[in-house]
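Going down the list, the sequences are from chains Z and X.
Quick note, my numbering runs 3 ahead of the 1-based positions in the first sequence.
Quick note, my numbering runs 1025 ahead of the 1-based positions in the second sequence.
For reference, the structure is listed below as structure tokens.
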Amino acid sequence: MKKFKFGTIFVLALVFVVAFGLSPVRAESPSEGGDLVVALGEDPEHLNPALTTGYPVAAATANVYSALTWRSEDGEAQPDLAKSWDVSDDYLEYTFYLQEDVRWHDGEAFTSADVKFSMEELLANYHGRFQDVAERIADIETPDDYTVVITLEEPYAPFLSSMTVFDAPILPRHLLEDVDDYGDADITTSPVGTGPFQFVEWERGDRIVLERYDDYHGQVAYMDRLYYNILPDTASRTAALETGEVDYIMGHYFPRADIPRFRENPDIEVWQGIRIPALWFAFVNHEHPELGDPLVRQALMHATDRDLIIELSQEGLGNYKIGPMGASFEFVDFPETNYENLYPYNPDRARELLDEAGVDSLDIEIIVDPAREDLMQAAEIMQDNFRQIDVNLSIDTQEREVMIENVYEKRNYDLSMQSFTSGGDPASGYHRLYTTQDFGTPFVSATGYSKEEVDELLSEAASTPDVEERKAVYEEALNIIAQDVPILALYEEESVDVNNAKLRGLRESLDVRDKLNKIWWSE
Amino acid sequence: MSKKGEGRSLGQYALLRIAQALPLIIAIIIINFLLINLAPGDPVTALIGEFPVPQEYVEEMRANFGLDQNIAVRLVRYLGNVLRGDLGFSFNYRVPVLDLVLNRLGRTIILMISAITFASIVGISLGVAAAKWRNSFIDNFAVAFATIGYSIPVFWSGQILILIFAIWLGWLPSGGLQSIRGDYFGWALIVDRARHMILPMLALSLRYMALTTRLTRSSLLETLNSDFILAAKSRGVKSRGILWNHGLRNAAMPIITVVGFHFTFMVAGSALVETVFGWPGIGRLLYTSITARDFPVLLGILLVVSVAVILVTLITDLLYAFVDPRVTYD
């Protein structure tokens, strides 16, 4: 009996020792120090996130500037420069209560006047992602230094999620109010923000250096310094990650074909998932005599092997069982509007539809930017697919700037491969694919598709904050769109990021370019 | 002016050549300006990002860049500015073009000079050795090296060098201007940058090394078979003296021509090398400026490079006389 008791104590003691011995490994705590090197594939044009929505500019400035809110992994708006907010019952009045102890990196105090100035003078006039919000803003008031009241003309469902640093970065009024041309202002090349990192230097073509801002209003960064290393060659970026010269490459900047190579490397962590959905598709010019017929477009959908495209051009990372606005947002995903149910890969059915439309054979061209390898591969597969239904598709490679001119400004094309981001909400990024658009505007629908009913329904969906009600409106709109097939929607992409396996705290924000202050080195 | 029959002095000759180059440079500016401005693609769309912006913004930017003016007006204005030494303002980088181009040109020139020096030293030595010990192992090696080295595209050799020296062996950095994490100053910074330059320099020099090897070998072989070499041998000049003083000096003309010629072609080669190795030089700037339709930078680079090529050609011509006393400046 006594002996047994002793044994029990011994075992218990052993358990304790093991448990305590292991606990530091299980629950690592964040440690301060070290540097983070993030690869960028191109030099940003400048460092003013209010003047462009270009990817590298936003990537390099998302941690220098802040905004009223940021979006966590689940897409919810979190307090940033606004510590809290009230929303009126009719969703027309948003009152933001600002953090009171925030200073710009140059020491000036941040106030509500900065918010008003940024939105009215900068974002409304220059920022592509702020336009949908700007159209609905009736008034911005600043009753005191730390309160901003924004009144809308009509509700806007993604309003709070459109207040992030990617949609509505807040810039310092005191450095911009006396400037004539914002493009030439000093802070356009050496930014002064309220973010967790402050700007140190930009060696054009080589690196951008940021360092920790100790007075940051949120979680002070763990890293001492944040470097953006500009490496234009994809193979070199991969090599730099393997040699440890670079710690983090966002999915935008490496070819999918490298994924297997990264997975084999124990020093590299591969993350995959859908954060901000993005749609890969082909624009169709509805002014083309045959392509203007919905039957022909339905036929082309039936003829496209979307599964194969994902398999061959995306290493299998993507979802082709989608509707006109993808399938990632639950409130736009309906079985009866899913293209996989409506137009599954079926060349025979495609041929029947063409016969029904009275089209014997068709000679069309597809414009592709040759720098986009994935789009090139997709176009090649479509070329092969279409051949089976007597549609001769020739691939016309056009460099991005030329493509923009021909597709958007002149609408001189038949088909064109594209990818659009949702921007975090269908109303921000996907509505522009189906609404009536002025001829000549870049980065919106270039199809010429125009249906008043669809315009009205989508506008209603954007101004319906209640999710269930909004879903019902989308169902109605998408039923019309899915029959019309204005564009050939191919798939929604799954993102992949690669990073040094010793990094922790990555991707806490919905947009992975943001909140790098939360990243730390284990060990 | 010199009298007929007397050669011009070196200085006079150089001045004359420069004077002849001026109209050429102006013609180059005009042709480049028209070609670039008439090519499809709008610089403004490159700058607004990936979402639509108000039309007023696009108009404002176009007016700021002067793109709303007639092309003839813009050309005349540009020529006037260039004559005053103002190459304009980059659409893309928001800095004066001249600063940007000179900063990048410096880095490319460092890379090119070290590559040419290295290629010339190794290429000429290998070529001389091959010619001296004809049909030996070293000759066969030199010929094989010349053929292979000349055929390998620079972006491929660059990747192979990265694979071997950066990834497998870990001896040298895979790219960039300097260690991104290191805060080096003074001597340590120079050493660090030199380490970053080794692989791009090797990649860039390989092709020229091969070409110089082949050229030195064939040119020297031809010279060594000449009558005056036979005469020198019969006078009892030592074989080393024949090889270096009689042979190489007489074989040098085509080598100098090609080395000077390399320089101009290297600007093109450097665009690839600089992209592969992330070296922020002029070749890469040219590439980014083309994709961004950054007209002022593009014109600035073409102008600076044209001037550099004209200067190098002039220096090459002047070197002829130094090597070959028979050349006069008529």
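Idealized CB from N, CA, C, for every residue including glycine.
These figures come from a predicted structure and were not determined experimentally.
Does residue i come out as helix, strand or coil in the three-state DSSP assignment?
i, result
"Q275(Z)", "strand"
"M420(Z)", "strand"
"G1036(X)", "helix"
"V537(Z)", "Any question about residue 537(Z) goes unanswered here, given that chain Z covers just 4 to 526."
"L25(Z)", "Low confidence applies to L25(Z): its pLDDT is 49, below 50, so where it sits in the model is not reliable, and the reading given next is rough at best. DSSP places L25(Z) in helix when its eight states are reduced to three."
"M508(Z)", "Note that residue 508(Z) is Gly in the sequence shown, not Met. G508(Z) falls in the coil class under three-state DSSP."
"I369(Z)", "strand"
"L54(Z)", "coil"
"L101(Z)", "strand"
"T1341(X)", "helix"
"V1334(X)", "helix"
"Q201(Z)", "strand"
"D514(Z)", "coil"
"T64(Z)", "helix"
"S431(Z)", "helix"
"D1124(X)", "helix"
Where residue i and residue j are concerned, what is the direct C-alpha to C-alpha distance, given to the nearest angstrom?
i, j, result
"L519(Z)", "G1131(X)", "34 Å"
"W205(Z)", "V335(Z)", "42 Å"
"E368(Z)", "Y411(Z)", "16 Å"
"D209(Z)", "G1201(X)", "7 Å"
"Q486(Z)", "Y452(Z)", "13 Å"
"F337(Z)", "R510(Z)", "29 Å"
"S1115(X)", "E402(Z)", "21 Å"
"V515(Z)", "M122(Z)", "24 Å"
"Y1038(X)", "S1145(X)", "27 Å"
"R1318(X)", "L1040(X)", "36 Å"
"F23(Z)", "S239(Z)", "For F23(Z), the pLDDT reaches just 49, beneath the cut-off of 50, and the residue's location in the model is therefore unreliable, although a value from the coordinates is still provided. Near 44 Å, if we compare the C-alpha coordinates of S239(Z) and F23(Z)."
"D148(Z)", "M166(Z)", "19 Å"
"S26(Z)", "P429(Z)", "For S26(Z), the predicted model reports a pLDDT of 47, less than 50, meaning its position is unreliable; a value from the coordinates is still stated below. Straight-line Cα distance between these residues: approximately 44 Å."
"A53(Z)", "K521(Z)", "24 Å"
"M420(Z)", "M406(Z)", "10 Å"
"S316(Z)", "A285(Z)", "15 Å"
"L1092(X)", "P1068(X)", "9 Å"
So with CB distances below 7 Å, who are the chain X contacts of residue i?
i, result
"A242(Z)", "I1187, A1191, I1192, S1199"
"A238(Z)", "Q1184"
"R210(Z)", "I1205"
"E495(Z)", "What E495(Z) touches in chain X: nothing, since even the nearest Cβ is about 17 Å away."
Along chain Z, in chain order, which residues have C-beta atoms closer than 8 Å to that of residue i?
i, result
"D1067(X)", "E404, I407, E408, E412"
"G1195(X)", "T246"
Between residue i and residue j, how many whole angstroms is the CB-CB distance? I'm expecting something under 8 Å.
i, j, result
"V457(Z)", "I490(Z)", "That belief does not hold up - the Cβ atoms of V457(Z) and I490(Z) are roughly 13 Å apart, past 8 Å."
"T56(Z)", "G110(Z)", "At roughly 29 Å, the Cβ-Cβ gap does not stay under 8 Å, so T56(Z) and G110(Z) are not in contact."
"V41(Z)", "G254(Z)", "So it is not a contact: roughly 13 Å between Cβ atoms."
"F423(Z)", "L282(Z)", "5 Å"
"V447(Z)", "L460(Z)", "Their Cβ separation, rounded to whole angstroms, is 17 Å, which puts V447(Z) and L460(Z) out of contact at 8 Å."
"L1249(X)", "A1156(X)", "7 Å"
"E48(Z)", "N1275(X)", "With 8 Å as the limit, E48(Z) and N1275(X) do not qualify as a contact, their Cβ atoms being about 55 Å apart."
"G508(Z)", "P33(Z)", "7 Å"
In chain X, which residues lie less than 8 Å from residue i when you measure between Cβ atoms?
i, result
"I233(Z)", "G1303, P1305"
"V447(Z)", "P1077"
"Y230(Z)", "I1205, R1206"
"G186(Z)", "M1086, N1089, R1119"
Quick one: which chain Z residues come within Cβ less than 9 Å of residue i?
i, result
"T1133(X)", "Chain Z residues near T1133(X): none, gap ~11 Å exceeds 9 Å."
"L1202(X)", "E206, G208, D209, R210"
"R1318(X)", "E404"
Residue i touches chain Z at which residues, Cβ-Cβ below 7 Å?
i, result
"I1073(X)", "T55, G131"
"R1309(X)", "G208, P235"
"Y1082(X)", "N128, Y129"
Quick one: which chain X residues come within Cβ less than 9 Å of residue i?
i, result
"Q529(Z)", "This structure does not reach residue 529(Z), given that chain Z is present from 4 up to 526, and the question cannot be answered."
"E156(Z)", "Those do not exist, as E156(Z) stays about 18 Å from chain X at its closest Cβ, beyond 9 Å."
"G508(Z)", "Result: empty, since nearest Cβ-Cβ is about 19 Å, beyond 9 Å."
Under 8 Å, Cβ to Cβ, is there at least one residue of chain A near residue i?
i, result
"N415(Z)", "Looking at the structure shown, chain A is missing, and the protein chains on hand are Z and X."
Q.
Measuring CB atoms only, is the region 1276-1286 of chain X touching the region 1331-1343 of chain X, in the sense that at least three cross pairs come out at less than 8 Å?
A. The region 1276-1286 of chain X and the region 1331-1343 of chain X touch, with no fewer than 3 CB-CB distances between them shorter than 8 Å.
Q: Count the CB pairs spanning the region 1298-1315 of chain X and the region 1045-1057 of chain X that are closer than 8 Å, and state whether there are at least three.
A: A contact between stretches requires three or more CB pairs, one per stretch, nearer than 8 Å, and the region 1298-1315 of chain X fails this requirement with the region 1045-1057 of chain X.
Q | Cβ contact (3+ pairs, closer than 8 Å) linking the region 1211-1222 of chain X and the region 1116-1129 of chain X | A | Contact between the region 1211-1222 of chain X and the region 1116-1129 of chain X is absent, with fewer than three C-beta pairs closer than 8 Å.
(Q) Counting beta carbon pairs with one atom in the region 337-354 of chain Z and one in the region 372-381 of chain Z, are three or more of them shorter than 8 Å? (A) No contact exists between the region 372-381 of chain Z and the region 337-354 of chain Z.
Q. Is there contact between the region 1250-1259 of chain X and the region 1160-1167 of chain X, where contact requires at least three CB pairs shorter than 8 Å?
A. In short, these stretches do not touch, since the Cβ pair count stays below three.
Q: Would you be able to state if there are at least three C-beta pairs under 8 Å between the region 133-149 of chain Z and the region 68-80 of chain Z?
A: Output reads no: the region 133-149 of chain Z does not touch the region 68-80 of chain Z.
Q. Are three or more beta carbon pairs between the region 113-129 of chain Z and the region 1062-1082 of chain X nearer than 8 Å?
A. Using a C-beta cut-off of 8 Å, the region 113-129 of chain Z makes contact with the region 1062-1082 of chain X, since at least three inter-stretch Cβ pairs fall below that distance.
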